[in-house]
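Novice: So the protein sequences, as listed, match chains F and V. All you need for this note's numbering is the position in the first sequence, starting with 1, plus 10. All you need for this note's numbering is the position in the second sequence, starting with 1, plus 10. The structure that follows is given in the form of structure tokens.
There are 2 protein chains.
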Amino acid sequence: MPTVSPSANDNPKLSQLLDAAMDVFLRFGFKKTSMSDVAEEAGLSRQGLYFHFDTKEALFKATIEHWIHSMQQETRDAVSEPGKSLEARLLGAFDRSMGRTVGKVGAEAFDLAEASDQLADGIMERALGQFHALLVRTIDEAVASDLSAKSGVCTSDRVDTLLAASMGLKHRTESREAFRRQMLTVVRVVLAPLKLKAASKARS
Amino acid sequence: MPTVSPSANDNPKLSQLLDAAMDVFLRFGFKKTSMSDVAEEAGLSRQGLYFHFDTKEALFKATIEHWIHSMQQETRDAVSEPGKSLEARLLGAFDRSMGRTVGKVGAEAFDLAEASDQLADGIMERALGQFHALLVRTIDEAVASDLSAKSGVCTSDRVDTLLAASMGLKHRTESREAFRRQMLTVVRVVLAPLKLKAASKARS
DNA sequence: ACTAGACAACCATTACCTTTTTTGTAAAGT
DNA sequence: ACTTTACAAAAAAGGTAATGGTTGTCTAGT
Chain F
11 MPTVSPSAND NPKLSQLLDA AMDVFLRFGF KKTSMSDVAE EAGLSRQGLY FHFDTKEALF
71 KATIEHWIHS MQQETRDAVS EPGKSLEARL LGAFDRSMGR TVGKVGAEAF DLAEASDQLA
131 DGIMERALGQ FHALLVRTID EAVASDLSAK SGVCTSDRVD TLLAASMGLK HRTESREAFR
191 RQMLTVVRVV LAPLKLKAAS KARS
Chain V
11 MPTVSPSAND NPKLSQLLDA AMDVFLRFGF KKTSMSDVAE EAGLSRQGLY FHFDTKEALF
71 KATIEHWIHS MQQETRDAVS EPGKSLEARL LGAFDRSMGR TVGKVGAEAF DLAEASDQLA
131 DGIMERALGQ FHALLVRTID EAVASDLSAK SGVCTSDRVD TLLAASMGLK HRTESREAFR
191 RQMLTVVRVV LAPLKLKAAS KARS
């Protein structure tokens, strides 16, 4: 009767397990991934995996939740990385959210969205909303004045644009490097009319 | 031995036929669309269809080419519509290119990109490149000065962003109306730092 | 410039059966 | 906190054969 780890990433071993599981789920999708596949990738036996999770559904739910939570953690970190420009921090956030899976998603993984919606109850929508809010806050905090203020564009609109473009690029770029490169252009375009508060510039 | 109409949309009847064909291809994809399906949608017999096109491949190729050409015609028209603002003209161009298929694409139509690449020899890439160039020209012609010029953002970068965002929205919007609404935000964000030449504003 | 009917060849779908894989449980060991 | 072996039940995969749909051609008609 394994405790279905309520809060996820306290345990580093469990965290590694769920990272491995996500890799496999991204390659094969939910249906075509077997418990043996995940066990092998994670470097433990199938029964060792069942020790942690009673069912494939429970494993998947925990995997998705851990994936979302670690993504949110990483994007929060990226967004507030000290000594970096707003541009670099936003780029880091997109690289660790949308760019995270570029080149890792297999052709048979089309059922992942459906499965995660069904098994993890709309977690994606919520995460997206929170990501949106985080980006708005981040930009607003860094902006001193908006050279295009009179045009009626608000930060939320800017974030909408960033998100739409990142999703477009996610589908059409073949490598994470290409995604990052093209996303940099997008971020620059969207941030261009903003006058930022005095802060240290990027050095990376 | 039907002449595989070299230049497409001279004939209005043929144009209608190819429009109907595209609707069916978008619903069912290339493989799952039968010649009967197209004939029925176009309102003629299957043999009448064979009178125009020897093979399904030839029909598909002509359909894609006609679709691309009419799209380019419409976008060119939209982009130079007199009396409308740059914003409205760009929005019109995106509505008639990317927005054109929103809500019309069926789940089984995933093979269309592959088929058109294979049978129409990279026509999509070329069309995309030309669309990019058209947008750059359109924006450059309407711009008097760029308030964010010092940021190193050029018009091509702006167009990259518009295209990336339009592709992101294309996948995530359920109606053409929603696409247009969200694309309007994107266009506003991207054009915000531009100071336009004196011209009549939109009234629509 | 088409329609109607018929036709062989081919392709896709279905049904059915057999074999393999996978799930989830359990026991015993380290 | 695992591993290995074992096992029943369920699901998926593989093989095969019949069935139905689709393609492309032909002929005859309007």
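Ideal placement from N, C-alpha and C gives every residue a C-beta, glycine not left out. Given the structure is predicted, the values throughout are model-derived calculations rather than measurements.
(1) Kindly identify the DSSP beta-bridge partner or partners of Ser155 (chain F).
(2) With a cut-off of 8 Å on the beta carbons, I'd call Gly109 (chain V) and Arg190 (chain V) a contact; round off their distance for me.
(3) Along the alpha helix (DSSP H) that carries Leu172 (chain V), what are the first and last residues, could you check?
(4) Taking only beta carbons into account, state which residues of the segment 94-105 of chain F come closer than 9 Å to chain V, listed in chain order.
(5) Which residue from F:Asp47, F:Pro203, F:Val34, F:Lys42 puts its Cα closest to that of Ala154 (chain F)?
(6) DSSP three-state label for Leu36 (chain V), please.
(7) By the 10 Å Cβ neighbour count, where 16 or more other Cβ atoms means buried, how is Glu75 (chain F) classified, buried or exposed?
(8) Apart from the five residues just before and just after Lys66 (chain F), which ones in its own chain have a Cβ nearer than 7 Å to its Cβ?
(9) With a threshold of 8 Å between beta-carbons, can Met177 (chain F) be considered close to chain V, or not?
(10) If you reduce the DSSP assignment to three classes, tell me which class Ala31 (chain V) lands in.
(11) With a cut-off of 8 Å, does the C-beta of Thr195 (chain V) fall near any C-beta of chain F?
(12) Anyone know if the C-beta pair for Ala49 (chain V) and Gly39 (chain V) falls short of 8 Å?
(13) From what residue to what residue does the alpha helix (DSSP H) around Met275 (chain F) run?
(14) State the CB to CB distance for the pair Asp121 (chain F) and Lys180 (chain F), rounded to an integer number of angstroms; the pair is presumed to be in contact (CB under 8 Å).
(15) Leaving aside the five residues before and after Leu27 (chain V) along the sequence, list all residues of the same chain whose C-beta is less than 6 Å from its C-beta, in chain order.
(16) So for Asp127 (chain V), helix, strand or coil by DSSP?
(17) At a cut of 8 Å, does the segment 94-107 of chain F reach the segment 156-171 of chain F through at least three beta carbon pairs?
(18) Could you tell me if Gln83 (chain F) is buried or exposed, where buried requires 16 or more neighbouring beta carbons within 10 angstroms of its beta carbon?
(19) At the level of alpha carbons, what is the spacing between Val89 (chain V) and Thr195 (chain V)?
(20) Could you check what DSSP says for Thr111 (chain F) in three-state terms: helix, strand or coil?
(21) Does DSSP put Lys23 (chain V) in a helix, in a strand, or in coil?
(22) Go through its chain and collect everything with a Cβ distance to Arg106 (chain V)'s Cβ below 7 Å, but skip five positions before and after it.
(23) Counting only Cβ-Cβ distances shorter than 8 Å, please list the residues of the segment 155-170 of chain V near chain F, keeping chain order.
(24) I'd like to know whether the C-beta of Ala188 (chain F) is nearer than 8 Å to at least one C-beta of chain V.
(25) Around the Cβ of Ser185 (chain F), are there at least 16 other Cβ atoms within 10 angstroms (buried) or fewer (exposed)?
(26) Which residues of chain F have a Cβ atom closer than 7 Å to the Cβ of Val199 (chain V), listed in chain order?
(27) What residues of chain V sit near Arg136 (chain F), judged by a beta carbon separation below 7 Å?
(28) Under a CB-based cut-off of 8 Å, is Gln192 (chain V) close to chain F?
(29) Taking Lys207 (chain V) as the reference, give the member of V:Asp150, V:Glu187, V:Val163 with the closest Cα.
(30) Quick one: grab the DSSP three-state call for Phe61 (chain F).
(31) Please classify Phe61 (chain V): is it buried, with 16 or more other beta-carbons within 10 angstroms of its beta-carbon, or exposed?
(32) Which residues, in order along the segment 142-154 of chain V, keep a beta-carbon less than 9 Å from a beta-carbon of chain F?
(33) Along the alpha helix (DSSP H) that carries Ala49 (chain V), what are the first and last residues, could you check?
Specialist: With the given structure in hand:
(1) One-based indexing of the first sequence puts residue 155 (chain F) at position 145. Beta-bridge pairing links Ser155 (chain F) to F:Lys205.
(2) Here residue 109 (chain V) refers to the residue found at position 99 of the second sequence. Here residue 190 (chain V) refers to the residue found at position 180 of the second sequence. Indeed, because the Cβ distance is near 6 Å, the residues count as touching under 8 Å.
(3) Here residue 172 (chain V) corresponds to residue number 162 of the second sequence, with the count starting at 1. Per DSSP, Leu172 (chain V) belongs to the alpha helix (DSSP H) from 165-182.
(4) none
(5) Position 144 of the first sequence, counting from 1, holds the residue named residue 154 (chain F). Checked all of F:Asp47, F:Pro203, F:Val34, F:Lys42; the closest Cα to Ala154 (chain F) is F:Pro203.
(6) For this step, residue 36 (chain V) is matched to residue 26 along the second sequence. Reduced to three states, the DSSP call for Leu36 (chain V) is helix.
(7) Within the first sequence, the letter at position 65 stands for residue 75 (chain F). Glu75 (chain F) comes out buried.
(8) The residue labelled residue 66 (chain F) in the question sits at position 56 within the first sequence. If we look at Lys66 (chain F) and ignore the five residues flanking it on each side, its Cβ neighbours are Met45.
(9) Here residue 177 (chain F) refers to the residue found at position 167 of the first sequence. For Met177 (chain F), the answer is yes, since a Cβ of chain V falls inside 8 Å of its Cβ.
(10) Sequence index remark: in the second sequence, residue 31 (chain V) carries index 21 (1-based). In this structure, Ala31 (chain V) counts as helix in the three-state DSSP scheme.
(11) In the second sequence, counting from the first residue as 1, residue 195 (chain V) sits at position 185. Thr195 (chain V) counts as touching chain F.
(12) Here residue 49 (chain V) refers to the residue found at position 39 when the second sequence is read from its first residue. Here residue 39 (chain V) refers to the residue found at position 29 when the second sequence is read from its first residue. Cβ distance not < 8 Å, so Ala49 (chain V) and Gly39 (chain V) don't count as in contact.
(13) Outside the displayed range of chain F (11 to 214) lies residue 275 (chain F), so it cannot be described from this structure.
(14) As a working mapping, residue 121 (chain F) is identified with position 111 in the first sequence. As a working mapping, residue 180 (chain F) is identified with position 170 in the first sequence. In fact, because the Cβ distance is near 18 Å, the residues do not count as touching under 8 Å.
(15) Here residue 27 (chain V) is taken as the residue at index 17 of the second sequence, counted from 1. So the list reads Ala52, once near-sequence residues are dropped.
(16) As a first step, residue 127 (chain V) must be located in the second sequence, where it is residue number 117. Of the three classes helix, strand and coil, the one that applies to Asp127 (chain V) here is helix, per DSSP.
(17) no
(18) Here the question's residue 83 (chain F) lines up with position 73 in the first sequence. It counts as exposed.
(19) For the purposes of this step, residue 89 (chain V) is taken as the residue at position 79 of the second sequence. For the purposes of this step, residue 195 (chain V) is taken as the residue at position 185 of the second sequence. For Val89 (chain V) and Thr195 (chain V), the distance between alpha carbons rounds to 18 Å.
(20) Working through the first sequence from its first residue, we reach residue 111 (chain F) at position 101. Looking at Thr111 (chain F) - three-state DSSP - the assignment turns out to be helix.
(21) Numbered from 1 along the second sequence, position 13 holds the residue referred to as residue 23 (chain V). Lys23 (chain V) falls in the helix class under three-state DSSP.
(22) Here residue 106 (chain V) refers to the residue found at position 96 when the second sequence is read from its first residue. Only Met81, Glu84, Thr85, Ala88 meet the Cβ criterion.
(23) Leu157, Ser158, Ser161, Gly162, Val163, Asp167, Arg168, Asp170
(24) Numbered from its first residue, the first sequence carries residue 188 (chain F) at position 178. Not an interface residue.
(25) Counting from one through the first sequence, the residue named residue 185 (chain F) turns up at place 175. That one is exposed.
(26) Locating residue 199 (chain V) in the second sequence gives position 189, where the first residue counts as 1. In chain order: Val163, Asp167, Arg168, Thr171, Val200.
(27) Your numbering for residue 136 (chain F) matches position 126 in the first sequence. Those do not exist, as Arg136 (chain F) stays about 16 Å from chain V at its closest Cβ, beyond 7 Å.
(28) Within the second sequence, the letter at position 182 stands for residue 192 (chain V). Yes, its Cβ sits closer than 8 Å to a Cβ of chain F.
(29) Stepping through the second sequence from its first residue, residue 207 (chain V) is reached at position 197. The shortest C-alpha separation from Lys207 (chain V) is found at V:Asp150.
(30) Numbered from its first residue, the first sequence carries residue 61 (chain F) at position 51. Phe61 (chain F): helix per DSSP, three-state reduction.
(31) As a working mapping, residue 61 (chain V) is identified with position 51 in the second sequence. With fewer than 16 other Cβ atoms within 10 Å, it is exposed.
(32) none
(33) By one-based count along the second sequence, residue 49 (chain V) stands at place 39. Where Ala49 (chain V) is concerned, the enclosing alpha helix (DSSP H) stretches over 45-52.
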